[in-house]
Amino acid sequence: MPPQTADVVIIGAGIIGASIAYHLAVRGCTNVVILEKEETEISGSTARSAAGVRHQFSTEVNIRLSLYSIERLKHFTDEVGGHSGLQQIGYLFLIDNQTDWETYRANVALQRSLGVRVELLSPEEAGRFIPGMRTDDLIGATFGPDDGFCDPHGIAIGYLNRARELGVALERATPAIGIRVVGDHVAGVETPTGVINCPIVVNAAGPWAGEVGMLAGLEIPVRPYRRCIYVTEPFPAIPGPIPLTIDVGTGFYMRKEHENVLFGKSNYAEPPGYNLAVDWEWLDTVLEAGLRRFPILERAGLAEKLCWAGAYEITPDHMPILGKHPELEGYVDASGFSGHGIMHAPATGLLIAEEILDGRAHTIDIDPLRINRFRGVLRRELNVI
Numbered sequence: 001m002p003p004q005t006a007d008v009v010i011i012g013a014g015i016i017g018a019s020i021a022y023h024l025a026v027r028g029c030t031n032v033v034i035l036e037k038e039e040t041e042i043s044g045s046t047a048r049s050a051a052g053v054r055h056q057f058s059t060e061v062n063i064r065l066s067l068y069s070i071e072r073l074k075h076f077t078d079e080v081g082g083h084s085g086l087q088q089i090g091y092l093f094l095i096d097n098q099t100d101w102e103t104y105r106a107n108v109a110l111q112r113s114l115g116v117r118v119e120l121l122s123p124e125e126a127g128r129f130i131p132g133m134r135t136d137d138l139i140g141a142t143f144g145p146d147d148g149f150c151d152p153h154g155i156a157i158g159y160l161n162r163a164r165e166l167g168v169a170l171e172r173a174t175p176a177i178g179i180r181v182v183g184d185h186v187a188g189v190e191t192p193t194g195v196i197n198c199p200i201v202v203n204a205a206g207p208w209a210g211e212v213g214m215l216a217g218l219e220i221p222v223r224p225y226r227r228c229i230y231v232t233e234p235f236p237a238i239p240g241p242i243p244l245t246i247d248v249g250t251g252f253y254m255r256k257e258h259e260n261v262l263f264g265k266s267n268y269a270e271p272p273g274y275n276l277a278v279d280w281e282w283l284d285t286v287l288e289a290g291l292r293r294f295p296i297l298e299r300a301g302l303a304e305k306l307c308w309a310g311a312y313e314i315t316p317d318h319m320p321i322l323g324k325h326p327e328l329e330g331y332v333d334a335s336g337f338s339g340h341g342i343m344h345a346p347a348t349g350l351l352i353a354e355e356i357l358d359g360r361a362h363t364i365d366i367d368p369l370r371i372n373r374f375r376g377v378l379r380r381e382l383n384v385i
């Protein structure tokens with residue numbers, strides 16, 4: 001049975017909820033309860049991520065979130081414990097039309113102005129990374145050598161273990177089934193085994209954030225979209241490491257995982273939903289896009305048992321929703337990361353802890369990410385995979 005009272009209840013024990021709990025606890029706020037609806041923590045989107053981390057975004061706030069977070073991942077074992085598994089093998093964006101090239105050049109200028117190491121490459125320079133890559137139709141590429149991938153489970157369990165050592169409570173198989181509201185403020189969270197009286201609730205429910213918002217009578221514009229990740233049999237014809245490579249024109253991406261190749265492509269026509277079965281019908285479309293740029297993949301076998309699907313938590317502008325809700329005191333958003341939650345978890349934990357304990361996040365300005373932005377003109381994140 002969960003505690004009857006808490007200072008903060010966090011809904012969701014994925015990497016975001018774990019990071020928030022850790023950052024609250026290291027500042028002395030340990031009367032915190034994390035609610036996880038599944039039997040095991042870290043079983044939702046965190047466990048099903050492709051694990052990319054990058055600085056190459058088109059908006060200043062996302063770049064700043066990456067700068068802070070990736071620096072923390074470099075020192076994760078010393079600072080938190082556990083292992084981040086950070087491998088900075090780079091991100092390579094391949095561009096084949098002039099409009100996208102101008103956009104990405106402008107993005108690079110912004111990234112460099114904020115201190116990011118990023119290169120503009122010719123087609124020939126880009127081609128050196130992957131054997132047999134078609135480059136004749138490319139205009140150029142961008143390469144971020146400090147980008148790469150990480151171990152989401154290692155990071156989440158590191159945060160969670162340390163938070164629990166400091167006194168945070170984790171309640172597994174305990175979904176939030178209601179959020180009690182008195183007047184204009186949060187008063188508690190209802191679970192199947194009782195009510196936790198609390199003044200603050202954090203929505204870190206990932207793809208389920210919209211449903212959690214409804215428990216408090218709030219419309220949170222986060223929707224779940226399936227993303228499938230396919231895996232080849234061991235394929236030494238593409239020797240690793242290679243950058244996580246994105247063919248911007250088609251949306252196809254791939255990277256090495258040990259001797260295998262992970263690859264995929266988002267299906268933007270698929271409606272939102274919680275179906276996390278691998279979409280084998282979509283595979284033909286993915287392969288058509290991949291073989292156009294990387295003909296060598298035709299020689300690779302598919303490891304069907306290693307393929308999986310997860311859910312992106314998408315907002316209308318592909319940007320997260322962070323911070324206090326203007327219409328309900330004590331309700332705090334930390335959701336809608338649109339595929340960027342793993343890489344931005346360290347910064348998010350810090351900023352939400354500041355929002356709760358200091359009254360306002362201050363290390364990074366999160367005003368562009370507050371929910372009230374949906375009342376105006378949106379500034380979309382363009383570098384979306």
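Residue numbering for the sequence shown follows UniProt numbering, beginning at 1 and increasing consecutively.
Virtual Cβ for every residue (Gly too), placed ideally from N, Cα, C.
Remember, it's a predicted structure, so these values are computed and weren't measured experimentally.
From the options, residue whose alpha carbon lies closest to that of residue i
{"i": "Leu369", "options": "Gly90, Val332 and Ile342", "result": "Val332"}
{"i": "Cys150", "options": "Val248, Ile196, Thr77 and Ala106", "result": "Thr77"}
{"i": "Val189", "options": "Val248, Gly330 and Ile238", "result": "Gly330"}
{"i": "Leu244", "options": "Thr46, Arg64, Tyr91 and Gln56", "result": "Tyr91"}
{"i": "Ala289", "options": "Ala309, Ser338 and Met133", "result": "Met133"}
{"i": "Gly17", "options": "Arg164, Ile63 and Pro234", "result": "Arg164"}
{"i": "Gly148", "options": "Leu283, Asn203 and Glu71", "result": "Glu71"}
{"i": "Gly154", "options": "Glu60, Val118, Pro224 and Gly82", "result": "Gly82"}
{"i": "His258", "options": "Thr59, Asp317 and Gln87", "result": "Gln87"}
{"i": "Gln111", "options": "Arg54, Arg162 and Arg128", "result": "Arg54"}
{"i": "Asn260", "options": "Arg373, Trp280 and Ile229", "result": "Ile229"}
{"i": "Thr191", "options": "Gly210, Leu215, Leu287 and Gly206", "result": "Leu215"}
{"i": "Val61", "options": "Ser113, Val26, Ala51 and Cys307", "result": "Ser113"}
{"i": "Ser58", "options": "Tyr104, Ala25 and Ala51", "result": "Tyr104"}
{"i": "Ile89", "options": "Trp101, Val80 and Val118", "result": "Val118"}
{"i": "Arg64", "options": "His340, Asp358 and Arg373", "result": "His340"}
{"i": "Val248", "options": "Pro2, Asp100 and Arg360", "result": "Asp100"}
{"i": "Gly144", "options": "Gly52, Arg375 and Thr315", "result": "Gly52"}
{"i": "Arg375", "options": "Pro316, Glu270 and Asn107", "result": "Pro316"}
Pair within 8 Å by beta-carbon distance, residue i and residue j
{"i": "Leu276", "j": "Val231", "result": "no"}
{"i": "Ala176", "j": "Val212", "result": "yes"}
{"i": "Pro346", "j": "Ser49", "result": "no"}
{"i": "residue 396", "j": "Gly85", "result": "Since the first and last residues shown for the chain are 1 and 385, residue 396 lies out of range."}
{"i": "Tyr159", "j": "Ala303", "result": "no"}
{"i": "Lys256", "j": "Ile242", "result": "yes"}
{"i": "Ile130", "j": "Ile246", "result": "no"}
{"i": "Met319", "j": "Ser338", "result": "yes"}
{"i": "Leu351", "j": "Ile342", "result": "no"}
{"i": "Pro224", "j": "Glu313", "result": "yes"}
{"i": "Val181", "j": "Gly217", "result": "yes"}
{"i": "Thr46", "j": "Ala169", "result": "no"}
{"i": "Gly115", "j": "Leu166", "result": "no"}
{"i": "Ile220", "j": "Val201", "result": "no"}
{"i": "Ala173", "j": "Glu41", "result": "no"}
{"i": "Ala353", "j": "His75", "result": "no"}
{"i": "Gln4", "j": "Thr142", "result": "no"}
{"i": "Arg226", "j": "Gly273", "result": "yes"}
{"i": "Ile356", "j": "Leu322", "result": "no"}
{"i": "Trp308", "j": "Val278", "result": "yes"}
Reduced DSSP category for residue i - H, G, I as helix; E, B as strand; rest coil
{"i": "Gly158", "result": "helix"}
{"i": "Asn275", "result": "coil"}
{"i": "Ser335", "result": "strand"}
{"i": "Ala311", "result": "strand"}
{"i": "Met343", "result": "helix"}
{"i": "Met214", "result": "helix"}
{"i": "Gly144", "result": "strand"}
{"i": "Asp137", "result": "coil"}
{"i": "Glu327", "result": "coil"}
{"i": "Asp317", "result": "coil"}
{"i": "Gly264", "result": "strand"}
{"i": "Pro221", "result": "coil"}
{"i": "residue 387", "result": "Absent from the model: residue 387. The displayed extent of the chain is 1 to 385, so no value can be given."}
{"i": "Phe252", "result": "strand"}
{"i": "Val286", "result": "helix"}
{"i": "Ile229", "result": "strand"}
{"i": "Leu244", "result": "strand"}
{"i": "residue 387", "result": "In the structure as shown, the chain starts at 1 and stops at 385, and residue 387 therefore has no counterpart that could be examined."}
{"i": "Leu166", "result": "coil"}
Residue i beta carbon near the ligand SAM (any heavy atom closer than 7 Å)
{"i": "Leu302", "result": "The ligand SAM is not part of the structure shown, which contains no ligands of any sort."}
Three-pair Cβ contact test at 8 Å for the region 243-253 versus the region 283-298 = Short answer: they touch.
Would you be able to state if there are at least three C-beta pairs under 8 Å between the region 4-11 and the region 27-38?
-> Result yes; three or more Cβ-Cβ pairs closer than 8 Å.
Taking three-plus beta-carbon pairs below 8 Å as touching, is the region 136-149 in contact with the region 82-98?
-> Taking a cut-off of 8 Å for Cβ pairs, the region 136-149 and the region 82-98 touch, as three or more such pairs fall below it.
Enumerate, from N- to C-terminal direction, the unbroken alpha helix (DSSP H) stretches of 4 or more residues contained entirely within the region 170-202.
-> none
In the region 55-106, which residue ranges form an unbroken alpha helix (DSSP H) of at least 4 residues, counting only runs that do not cross its ends?
-> Fully enclosed alpha helix (DSSP H) runs of 4 or longer: 60-74 and 76-79.
Can we say the region 181-197 touches the region 320-329, given the rule of at least three CB pairs closer than 8 Å?
-> yes
Enumerated in chain order, which unbroken segments of the beta strand (DSSP E) with a length of 3 residues or greater are wholly contained in the region 101-135?
-> 119-121
Every unbroken alpha helix (DSSP H) within the region 4-63, with a cutoff of 4 residues, ordered by chain = Listed in chain order, they are 15-25.
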